[in-house]
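Numbering (full-length UniProt numbering), first residue to last: 1 to 290.
Heads up, the thing below is written out as structure tokens.
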Ligand SMILES: NC(=O)c1ccc[n+]([C@@H]2O[C@H](COP(=O)([O-])OP(=O)(O)OC[C@H]3O[C@@H](n4cnc5c(N)ncnc54)[C@H](OP(=O)(O)O)[C@@H]3O)[C@@H](O)[C@H]2O)c1
């Protein structure tokens with residue numbers, strides 16, 4: 001295990017986004033690896049962490065709030081805020097940050113970038129231009145996106161969506177975190193890791209796996225593109241319409257095709273990626289019975 005000493009102490013690793021999904025797993029896995037971890041959050045009172053984890057206030061878009069977070073933390077897991085990262089990068093350079101591992105997106109590798117790819121590529125370029133040694137972790141669709149189905153599964157035993165036969169190879173956030181943690185601990189600067197889950201699955205197949213995992217009947221109901229579009233706009237308030245159309249276009253393009261499955265998770269971590277069934281078993285889809 002690689003550890004950085006600073007002033008006789010093992011240096012802390014700063015995890016931004018550590019109160020969220022991927023960052024939360026990064027925090028847990030770093031602690032399990034014996035590292036000292038500091039979590040940045042805009043609202044420390046809203047989150048509780050074990051005592052050994054330092055929690056500091058700060059906002060990635062407001063560099064004047066970041067000096068405490070960056071002090072003595074040469075390695076940083078970086079959550080990709082979509083604008084205003086330049087201030088953070090200036091602050092990180094001043095604080096002598098030596099390695100940034102940024103959560104990016106597989107969309108930066110797509111032949112047609114679209115809104116999501118362009119946004120993430122712009123962030124990657126800003127990070128590269130900062131001169132701070134960096135690593136980009138580029139996952140495809142997250143398994144956790146399907147948590148959007150949880151309520152209707154529990155309440156009505158149904159999932160409604162367009163393009164039921166569209167396949168993706170969704171990836172478990174624990175694997176995205178595990179690759180990020182290896183990049184931090186093994187100092188894999190200058191590298192980019194594009195990740196998928198271990199199997200190509202259509203939406204209909206994923207609903208079947210959830211039903212089998214929870215032992216509860218769940219059916220898939222096909223929506224029109226426009227009905228699904230309205231649903232995403234309600235669920236993902238904040239995603240611009242261009243991003244919503246891009247998600248729908250990706251689904252439409254993947255109907256009847258197998259999604260690419262990449263070996264990255266196993267290559268980097270030395271163990272197989274979590275399957276969709278393994279994820280679904282931990283995702284709390286089972287209805288709470290009265
Ligand atoms: N969903 C997908 O299929 C997919 C695929 C590829 C890539 N991605 C990337 O993954 C990201 C989502 O990751 P996730 O699921 O881990 O996110 P998440 O669970 O929504 O967590 C968001 C985290 O970001 C922090 N944050 C947000 N704005 C901040 C700011 N201004 N300053 C400091 N912290 C801030 C939040 O911290 P506080 O609220 O505590 O401050 C929180 O910890 C997407 O935005 C996208 O870039 C997603």
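In this text, a Cβ means the ideal position worked out from N, Cα and C, and glycines have one as well.
For clarity, every value in this text was computed on a predicted model and none was experimentally measured.
Reduced DSSP category for residue i - H, G, I as helix; E, B as strand; rest coil
i: residue 41; result: strand
i: residue 196; result: coil
i: residue 204; result: helix
i: residue 144; result: helix
i: residue 183; result: helix
i: residue 178; result: helix
i: residue 33; result: coil
i: residue 83; result: coil
i: residue 88; result: helix
i: residue 95; result: coil
i: residue 173; result: helix
i: residue 189; result: coil
i: residue 20; result: coil
i: residue 48; result: coil
Identified DSSP bridge partners for residue i
i: residue 104; result: In DSSP, residue 104 forms no bridge with anything.
i: residue 221; result: 160
i: residue 59; result: 62
i: residue 139; result: 195
i: residue 134; result: 100
i: residue 54; result: 38
i: residue 15; result: 39, 77
i: residue 168; result: 201
beta-carbon residue i near ligand 1 non-hydrogen atom, thresh 8 angstroms
i: residue 120; result: yes
i: residue 254; result: no
i: residue 125; result: no
i: residue 142; result: yes
i: residue 45; result: no
i: residue 42; result: yes
i: residue 59; result: yes
i: residue 180; result: no
i: residue 139; result: yes
i: residue 240; result: no
i: residue 103; result: yes
i: residue 192; result: no
i: residue 173; result: yes
i: residue 80; result: yes
i: residue 197; result: no
i: residue 259; result: no
Candidates the options: closest to residue i by CA position
i: residue 119; options: 83, 266, 224, 190; result: 83
i: residue 221; options: 156, 242, 282, 195; result: 156
i: residue 163; options: 51, 85, 205; result: 205
i: residue 49; options: 74, 23, 116; result: 23
i: residue 268; options: 254, 186, 256, 249; result: 186
i: residue 104; options: 95, 94, 237, 142; result: 142
i: residue 34; options: 78, 262, 13; result: 13
i: residue 43; options: 264, 19, 31, 201; result: 19
Neighbour flag for residue i against chain C, beta carbons, 9 angstroms
i: residue 29; result: No chain C appears in this structure, which consists of one protein chain only.
**Study point:** Complete runs of the beta strand (DSSP E) confined to the stretch 203-290 [at least 3 residues]
**Key:** 219-222
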